[in-house]
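Heads up: the sequence shown is residues 280 to 702, going by the numbering used here.
Below is one structure, written out as structure tokens; the observations come after it.
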Amino acid sequence: MTSLWSDTAGGAGAPRPPLPGDVDADVAIVGAGYTGLWTAYYLRRADPGLRIAIVEAAHAGFGASGRNGGWCSGLLPTPLPKLERMHGRAAAIAFQQAMIDTVDEVGAVAAAEGIDCDWAKGGTLDLARSAAQWRAARAEAALAASYGFDLHLLGRAEALDRCGATSVYGATWSEHCAAVHPLRLARGLAATVERQGTVIYEGTRALELAPGRVRTTYGTVRAPYVVRATEGYTPDLPGHRRDVVPVYSLMIATEPLPKAFWDEAGLDRRETFTDHRRLVIYGQRTADDRLAFGGRGAPYHFGSAVRPSYDSVPAVHLALRNTLTSLFPALDGARLTHAWGGPLGIARDWHPSAGLDRATGLAWAGGYVGDGVAASNLAGRTLADLITGHETPLTVLPWVNHRSPAGSPNPSAGWASTPPSTP
Ligand SMILES: Cc1cc2nc3c(=O)[nH]c(=O)nc-3n(C[C@H](O)[C@H](O)[C@H](O)COP(=O)(O)OP(=O)(O)OC[C@H]3O[C@@H](n4cnc5c(N)ncnc54)[C@H](O)[C@@H]3O)c2cc1C
Numbered sequence: 280m281t282s283l284w285s286d287t288a289g290g291a292g293a294p295r296p297p298l299p300g301d302v303d304a305d306v307a308i309v310g311a312g313y314t315g316l317w318t319a320y321y322l323r324r325a326d327p328g329l330r331i332a333i334v335e336a337a338h339a340g341f342g343a344s345g346r347n348g349g350w351c352s353g354l355l356p357t358p359l360p361k362l363e364r365m366h367g368r369a370a371a372i373a374f375q376q377a378m379i380d381t382v383d384e385v386g387a388v389a390a391a392e393g394i395d396c397d398w399a400k401g402g403t404l405d406l407a408r409s410a411a412q413w414r415a416a417r418a419e420a421a422l423a424a425s426y427g428f429d430l431h432l433l434g435r436a437e438a439l440d441r442c443g444a445t446s447v448y449g450a451t452w453s454e455h456c457a458a459v460h461p462l463r464l465a466r467g468l469a470a471t472v473e474r475q476g477t478v479i480y481e482g483t484r485a486l487e488l489a490p491g492r493v494r495t496t497y498g499t500v501r502a503p504y505v506v507r508a509t510e511g512y513t514p515d516l517p518g519h520r521r522d523v524v525p526v527y528s529l530m531i532a533t534e535p536l537p538k539a540f541w542d543e544a545g546l547d548r549r550e551t552f553t554d555h556r557r558l559v560i561y562g563q564r565t566a567d568d569r570l571a572f573g574g575r576g577a578p579y580h581f582g583s584a585v586r587p588s589y590d591s592v593p594a595v596h597l598a599l600r601n602t603l604t605s606l607f608p609a610l611d612g613a614r615l616t617h618a619w620g621g622p623l624g625i626a627r628d629w630h631p632s633a634g635l636d637r638a639t640g641l642a643w644a645g646g647y648v649g650d651g652v653a654a655s656n657l658a659g660r661t662l663a664d665l666i667t668g669h670e671t672p673l674t675v676l677p678w679v680n681h682r683s684p685a686g687s688p689n690p691s692a693g694w695a696s697t698p699p700s701t702p
């Protein structure tokens, strides 16, 4: 099952060779998704002499980084009041501000490195499509304002002017989101880190991560620093089964839609869109005028299992189609060209983290709860600062070295669609 993104990313290029045998490096990174690639990028920028080896079980961008909804957004999965209770108000605000700044950082690096990822920073629209959702929208805007952040409340006319969906009462709009072609971003980033001198070994599965080494199917990478950047696939690694819960998000895409459709539907600035329902849905107008639309709600698989066959659940893809058509009835009859999905990683306390254990040299980042496109960039910059030993405003953000509880690999039903209660 191919995604829209892999069909429209341009040539994949030849597969990169696997690890040739035992190798020495300064930093070994496991996983060539955004987290691993951004970490390598900022490490080499900080110290161009570093020898960095990335081992990737499949190919760069194979995981969620090549399949996602393409929202590069300042969203934090952890609600601000919860962050404030855990870390204090100033730390919560600093974390949110860092995420907001990260959106522009991704855009700036993409431009500077010539990564053509269809970047369009039109912000994100969260539609209110019932009286209850409108109340939720108003409460969310008031909450953001109470922390000094700008979440604009749009009345019905203004909201409809931006997005001609059905049953619109109003919306919240945040400017801090760009629509991207996720796989082009991942592949462009992989090419960029290679140009910098990092070596990516594809088709090379890490079997064990330990202090000073990564044992793989083809040999061992010995390095004083080992970075785990495996997100939703983490439970497959020995000793990491309970670190994150892998939850599947599924997507569909339409054929390119005619001008008459877009005259009604709007999204002229390629605003990403969702609504205030509890089950997560997300959409974007692509650069070639399709709708790419996704949602959670795929079944959780016993024992935190991750399998390629879980990427496709016909009933969920059908439900996504029905939801999309209820938002835009003019789509009835439009051809769906793609349906796909993939696992993302949910930290059990809904709190992402990026950290380094100085005693062992083991570093990690993830648990982004489906908001990892921008967060992985912040993680990469943070891990680079930690590994090169620089104390910066990033290394004191409250997610640094945060340890989420390692609960049962089988959390209770319905857990993954809404945050568990706050501590
Ligand atoms: C369908 C979907 C839609 C999403 N939409 C959005 C969105 O719109 N906005 C947003 O912010 N986030 C979204 N997300 C989440 C976001 O894509 C992820 O948070 C982000 O891509 C995580 O990047 P990563 O590099 O940490 O993990 P991944 O991209 O999953 O990369 C992990 C890599 O590690 C490799 N790997 C795993 N195990 C091993 C091993 N043992 N040895 C070697 N390599 C290994 C995998 O092959 C993979 O390439 C979505 C996710 C999905 C699945």
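Just so you know, even glycine gets a beta-carbon here, dropped at the ideal spot from N, CA and C.
Check	Outcome
C-alpha distance - L616 paired with I531, whole-angstrom precision	Checking the displayed sequence, the identity of residue 616 turns out to be Thr instead of Leu. So the alpha carbons of these two residues sit roughly 8 Å apart.
Span of the alpha helix (DSSP H) around L597	P593 to L606
Cβ-heavy atom distance, F374 to ligand 1, below 7 Å	no
Pair within 8 Å by beta-carbon distance, Q563 and G340	no
Separation of D628 from P702, as counted between CA atoms	Model confidence at P702 stands at a pLDDT of 29, short of 50, so the residue's coordinates are unreliable and nothing is read from them.
Contact set for R549: own chain, Cβ-Cβ below 7 Å, skip 5 residues either direction	A399, G401, A458, Q563 and R564
Contact between the region 498-508 and the region 290-309 (3+ Cβ pairs under 8 Å)	yes
Per DSSP, cross-strand counterpart(s) of M495	Checking the sequence shown, residue 495 turns out to be Thr, not Met. Answer is A485 and G498.
Per-residue burial, E670 [other beta carbons within 10 Å of its own, 16 or more giving buried]	exposed
Assigned exposure category for E487 - 16 Cβ within 10 Å defines buried	exposed
Run of the alpha helix (DSSP H) containing G462, from where it starts to where it stops	Per the sequence shown, the amino acid found at residue 462 is Leu instead of Gly. Run containing L462: P461 to Q475, per the alpha helix (DSSP H) assignment.
Bridge-paired residues (DSSP) for A564	The residue asked about is misnamed: residue 564 is Arg in this sequence, not Ala. BP columns for R564 point to L570.
C-alpha gap between P684 and G645, whole angstroms	14 Å
D522 to H630 span [Cα, whole Å]	12 Å
P672 classed as buried or exposed, judged by whether at least 16 other C-beta atoms fall within 10 angstroms	exposed
C-alpha distance - S453 paired with G491, whole-angstrom precision	43 Å
First and last residue of the uninterrupted beta strand (DSSP E) at T674	Here T674 belongs to no beta strand (DSSP E), and DSSP marks it neither H nor E.
First and last residue of the uninterrupted alpha helix (DSSP H) at T551	Taken as a continuous stretch (DSSP letters only), T551 belongs to no alpha helix (DSSP H), being part of the beta strand (DSSP E) at T551 to D554.
The region 475-482 in contact with the region 419-429 per 3-pair CB rule at 8 Å	no
Extent of the continuous beta strand (DSSP E) to which T639 belongs	Here T639 belongs to no beta strand (DSSP E), and DSSP marks it neither H nor E.
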